[in-house]
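For reference, the structure discussed in these notes is given below.
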Amino acid sequence: MIDTITFDDPQQRAAIAVALDRKTEAVTLLAPLLESQKEEYKIIELIRWLGEIGHPSALESLIKFSSDSRWFLAKESYLALAMINPERYGLTAEQRQFLTESSTRFKENWPDQIKRWKKLAGLNRKEIRSLVMQMIHSDRPEPALIVLQIWQDKEALPEIEEIMKAGDVKGWQLRMFIAAYLNIEGTDASIANVIAMVKNRHPSQGGMAGPNFLVFFHGENEVVLAVTQSIMPDEHKLLVLSRFRDEFGSLAVAGALPGGGAETAEIVRVLMAKETDIPALGEYVKIAARDPEKSFDKEVYAALERLAGKESLSPDETTGASLIFDGCATYELPGSGKLADKFLSPATALPVRMAAARVSAILGGSRREALQILCERLSNSNPEVRKSSSGYLASIKCQNDTERAEREDIILSHLGQPTEDYALRVLTTCAGKRAAEMLLPILDENSVPRAVYAAWVLTRHPDQTVRQKALRRLAVYALFNHQIYQAGAGIDFAIAPDLTFHQVTENLNRRGMEQKPDPAHIPDELLVPFTLDEGEQEFAIRAYRYCRLNILFHEFPPWYLRPVSGIPWDTSHLFLFLIIAREDPQLGILYVKGEKVAHFENRKAAAALISGITKEKASYTGLAGEEIDSEQVPLQPYQNQNTLIARHILDQIQTTEIPKSPVDTVQYNKRAALERMIHNLTEELGDELKEELVAESNHRNITAELKQTGFSIWQTIRE
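Counting from 192, one number per residue, gives the positions in the sequence shown under the numbering used here.
Shown next, in the form of structure tokens:
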């Protein structure tokens, strides 16, 4: 017997047994693990190992798993059985090919997956059909359903229908069962059956999956999606969709259609040509607007003509009408401005009126009236209205300097008002000398968000000197907003409501993280250390203090503390690094001789940069307020370390003034960053630190406030 005390892991003992050619013993040890193991990849490893051992005593367990609903386990079991007893459980070449290729996963899009699965239908039908039918009952039915549709295998319909009606599969899989059923059955009977199935569902039947799935997620929409994404012929797709339109209404079809792909373009075109309902036409126009070939110009104009022919619009038609006007602007349809003029009157619903105003202004309508409508809406008390009006105005170029100056004056009248949130960005279309005079001083104001907003706007200014000054400020702000992605790195920060900055600085995936065109692109020479003038030095400190609590996925050290080869930081950065070395809030745990010591790693890194710049010794501030040499770390835990940490955390919470309900990304990031620091520290230091945090909050009489703010420690621990 193998020593079970020395080798307590049964897999270790099995490996020894195999080495000693005691295969029966090895199988006896491994077979029970198939049942007890929860992680699928580990079960797969065990199945493969049993196949390699090749002993007949494993057959019983492998036969059981060959019928498992987890397809990857079944597939591996078939392969293992063939290895152990090829005479009885051997696989033909085509069976082996089906098992292997139906289970292969690539990083590929849906059409490429379908194309690959279609090839499986060319394998010998008699040899693989039993595997195909088993697969539709597994957790990976998709390839089998494609094969059955290519075969038009009507004998499979009862089982497909049974699974479809039970609904106990994932959402996207249920769509494929519906599509396969409709495609293979191919008559009006299956359409009527699916319609009845959707109608008979009731919301009380269940949750997100299972029998109630189609109701919970608007079953008719799910069927529309299933049909349009399926491999059934377009003629049959149109038949099904037309029947669904008759049963559930035009919007149920138009609102669920995926758009922007060549595979659905002709279906959309046919449905659009037959449609008379304004909400549905709006959805079709929205799809047409995403067509990269812009091939729906006739259909979009026809939708506009139908809209213009209406005497009035109901509230239900507001969204559809707005979408039609947006589509006209996207297609830049000549003559559409005149038709849009009809909707400029105050009697028209405001969203439609604004959408029509854009079309009127750019496509030959009453431009001056249209621009006035949009400019007046910038003062609206509803932020959604301000957002729409600013977006429309920003898409309309000024025709001459007179119009530019008029628009500039209107936008600048919002400066310093709450309405500047959306209005200010419109200056990118009209900024002149006056805009520069009024916005440049904002760069040096105490409000970092306003300075960043003003800088972003001025990067579009016609004056090169103004643009360069603005870009330099953005580059300074970017120092504190750099993060890593799954396959690269970049700069990300909020500028204003619904306006963000994004710039990729490192891309390890040629197909991912594509850089969208942005006039505020920071040039390479400003992505490395550059000498700061006095105003930039002061702004850097304000920006650091504003951004230092951030939930971004930072590298370590952060970008602003990372040495750059060949491009040294200079004395213009000293004041920033001095502040970081004294104030940086990020506290972690350092292991020193096996003991847990509180340590400010960012402060130390900043002090090291100071020493590198000055060529002299530098220090940073420790948890107890002591000065520590830039080359040193605390060598032992602080006296009353948990108390000091609790005080530091509470100081940060109070000085940061975390609101009870964050209203923007910055506020959320600050709270989340503090929450993460608290979590990391309490994970290391345990309940003693938690107790100190509560004791300190009680001492400061802010425990109730912290509970309202939502920090988890004060949600879970009694006072």
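Ideal Cβ positions, reconstructed from N, Cα and C, are used throughout, including at glycine.
(Q) Please classify GLN175 as buried or exposed, where buried requires at least 16 other C-beta atoms within 10 Å of its C-beta. (A) Residue 175 falls outside the range modelled here, since the chain spans only 192 to 910, and no answer is possible.
Q) Which value, in whole angstroms, describes the spacing of the CA atoms of GLY401 and ALA357? A) Residue numbering aside, residue 401 sits at position 210 when the sequence shown is read from its first letter. Residue numbering aside, residue 357 sits at position 166 when the sequence shown is read from its first letter. With a pLDDT of 42 at GLY401, under the threshold of 50, the predicted position of this residue should be treated as unreliable, though the coordinate-derived value follows. Straight-line Cα distance between these residues: approximately 7 Å.
Q. Can you name, in chain order, every residue of its own chain whose Cβ lies under 7 Å from the Cβ of GLU267, other than the five neighbours on each side?
A. Taking the first residue of the sequence shown as position 1, residue 267 is located at position 76. The answer, listed in chain order, is ILE235, ILE238, ARG239.
Q) Mind checking ALA678: buried by the 16 CB within 10 Å criterion, or exposed? A) As a working note, residue 678 is residue 487 in the sequence shown. Burial call: exposed.
Q: Pick out the complete beta strand (DSSP E) segments inside the region 660-703, 3 residues or longer, and give them in chain order.
A: 673-676, 679-687, 690-698
Q | Of the listed residues ALA809, ALA837, LYS485, ARG651, nearest to VAL824 (C-alpha basis) | A | Along the sequence shown, read from residue 1 onward, the residue named residue 824 stands at position 633. Closest by alpha carbon: ALA809.
Q. Alpha carbon to alpha carbon, what distance is there between ASN698 and GLY779?
A. Taking the sequence shown and counting its residues from 1, one reaches residue 779 at position 588. Taking the sequence shown and counting its residues from 1, one reaches residue 698 at position 507. Spanning the two alpha carbons is a distance of roughly 30 Å.
Q. Helix, strand or coil for THR650 per DSSP?
A. As a working mapping, residue 650 is identified with position 459 in the sequence shown. Of the three classes helix, strand and coil, the one that applies to THR650 here is coil, per DSSP.
**Q.** Three or more C-beta pairs below 8 Å linking the region 471-480 and the region 509-528
**A.** Contact between the region 471-480 and the region 509-528 is present, with at least three C-beta pairs closer than 8 Å.
Q. From PHE404 to ILE351, what distance separates their C-alpha atoms?
A. Here residue 404 is taken as the residue at index 213 of the sequence shown, counted from 1. Here residue 351 is taken as the residue at index 160 of the sequence shown, counted from 1. Legend: pLDDT at PHE404 = 43, less than 50; position of this residue unreliable, no value from coordinates given.
**Q.** For ASP330, three-class secondary structure by DSSP
**A.** Within the sequence shown, residue 330 is the residue found at index 139, counting from 1. Coil.
Q: For HIS870, count neighbouring C-beta atoms within 10 Å of its own C-beta (all shown protein chains included) and say buried if the count is 16 or more, exposed if not.
A: Position 679 of the sequence shown holds residue 870. Under this definition HIS870 is an exposed residue.
Q.
I'd like to know whether the C-beta atoms of MET388 and GLY362 end up nearer to each other than 9 Å.
A. Indexing the sequence shown from 1 puts residue 388 at position 197. Indexing the sequence shown from 1 puts residue 362 at position 171. No; because the gap between Cβ atoms is not below 9 Å, this pair is not in contact.
Q) Taking the Cβ atom as the reference point for each residue, do ALA627 and LEU649 lie within a distance shorter than 9 Å? A) In the sequence shown, counting from the first residue as 1, residue 627 sits at position 436. In the sequence shown, counting from the first residue as 1, residue 649 sits at position 458. Yes; because the gap between Cβ atoms is below 9 Å, this pair is in contact.
Q. DSSP puts TYR811 in a beta bridge; with which residues?
A. As a first step, residue 811 is located in the sequence shown; it is residue number 620 there, counting from the start. DSSP lists ILE819 as partners of TYR811.
Q | Where the alpha helix (DSSP H) through GLY582 begins and ends | A | Counting from 1 along the sequence shown, the entry for residue 582 is found at position 391. Note, GLY582: alpha helix (DSSP H), 574-585.
Q.
Out of PRO525, MET463, GLY816, which one is the CA nearest neighbour of LEU554?
A. Here residue 554 refers to the residue found at position 363 of the sequence shown. Considering only alpha carbons, the answer is PRO525.
(Q) Let's test the definition: count the other Cβ atoms within 10 Å of the Cβ of GLU132 and tell me whether it reaches 16, buried, or not, exposed. (A) Only positions 192 to 910 of the chain appear in this structure, which leaves residue 132 out of reach.
Q) Under the rule that 16 or more other beta-carbon atoms within 10 Å means buried, what is ILE713, buried or exposed? A) Within the sequence shown, residue 713 is the residue found at index 522, counting from 1. Answer is buried; the Cβ neighbour count reaches 16.
(Q) Quick check on the DSSP output: the beta strand (DSSP E) that includes LEU781 runs from which residue to which? (A) Numbered from its first residue, the sequence shown carries residue 781 at position 590. It spans 779-783 - the beta strand (DSSP E) in which LEU781 sits, taken as one unbroken run.
**Q.** Inter-stretch contact at 8 Å, needing at least 3 Cβ pairs: the region 891-902 / the region 848-857
**A.** yes
Q: On the DSSP bridge assignment, give the partners of GLU786 in chain order.
A: Stepping through the sequence shown from its first residue, residue 786 is reached at position 595. Note: GLU786 sits in a beta bridge opposite VAL783.
Q: Spatial neighbours of LEU339 within its chain, please: CB distance less than 8 Å, with the 5 preceding and 5 following residues excluded, ordered by chain position.
A: Along the sequence shown, read from residue 1 onward, the residue named residue 339 stands at position 148. Cβ neighbours of LEU339 beyond the five flanking positions: VAL323, ILE327, ALA347, ILE351, ALA371, ILE375.
**Q.** Whole-Å CB distance - ILE836 paired with ALA789, under 8 Å assumed
**A.** Within the sequence shown, residue 836 is the residue found at index 645, counting from 1. Within the sequence shown, residue 789 is the residue found at index 598, counting from 1. Right, their Cβ atoms sit about 6 Å apart.
Q) With 16 as the cutoff for other CB atoms within 10 Å, does VAL406 come out buried or exposed? A) Translated into positions along the sequence shown, residue 406 becomes position 215. Confidence at VAL406 is low in this model, with a pLDDT of 40, below 50, so the placement of that residue should be treated as unreliable; the coordinate-derived value is given next. Looking at its Cβ environment, which holds 16 or more other Cβ atoms inside 10 Å, VAL406 is buried.
Q. Buried or exposed: SER395, going by 16 or more other Cβ atoms within 10 Å of its Cβ?
A. Translated into positions along the sequence shown, residue 395 becomes position 204. Per-residue confidence for SER395 stands at a pLDDT of 39, beneath the threshold of 50, marking its modelled position as unreliable; the derived number appears in the next sentence. Taking every protein chain shown into account, the CB of SER395 has fewer than 16 other CB atoms within 10 angstroms, so this residue is exposed.
Q | Sequence-distant residues of the same chain with beta carbon closer than 7 Å to THR610, five excluded per side | A | The residue given as residue 610 occupies position 419 in the sequence shown. Cβ neighbours of THR610 beyond the five flanking positions: LEU569, SER570, ARG577.
Q: Using the Cα positions of SER913 and ARG544, report the straight-line distance between them to the nearest angstrom.
A: Missing from the structure shown is residue 913; the chain here goes from 192 to 910 and no further.
Q. GLN694: buried (16+ other C-beta within 10 angstroms of its C-beta) or exposed?
A. On the sequence shown, residue 694 is found 503 positions in, with the first residue counted as 1. Buried: at least 16 other Cβ atoms inside 10 Å.
Q) Does the distance from the C-beta atom of ILE386 to that of GLU438 stay below 9 Å? A) Indexing the sequence shown from 1 puts residue 386 at position 195. Indexing the sequence shown from 1 puts residue 438 at position 247. Yes.
Q) By a C-beta neighbour count over all protein chains shown, 10 Å radius and 16 as the cutoff for buried, is ASN741 buried or exposed? A) The residue labelled residue 741 in the question sits at position 550 within the sequence shown. Label assigned to ASN741: buried.
(Q) Measuring only the C-alpha atoms, how far is LEU270 from TRP750? (A) Taking the sequence shown and counting its residues from 1, the one referred to as residue 270 is at position 79. Taking the sequence shown and counting its residues from 1, the one referred to as residue 750 is at position 559. Taking the straight line joining both Cα atoms gives about 51 Å.
Q.
Extract the residue ranges of the alpha helix (DSSP H) inside the region 442-492, only unbroken runs of 4 or more that lie entirely within it.
A. 453-465, 469-480
Q: Look at the Cβ atom of GLY511, then the Cβ atom of ASP468, and state whether they are nearer than 9 Å.
A: Here residue 511 refers to the residue found at position 320 when the sequence shown is read from its first residue. Here residue 468 refers to the residue found at position 277 when the sequence shown is read from its first residue. Yes, these two residues count as a Cβ contact at 9 Å.
Q. Are the Cβ atoms of LEU253 and GLU231 separated by less than 9 Å?
A. Numbered from 1 along the sequence shown, position 62 holds the residue referred to as residue 253. Numbered from 1 along the sequence shown, position 40 holds the residue referred to as residue 231. Taking 9 Å as the Cβ cut-off, LEU253 and GLU231 do not qualify as a contacting pair.
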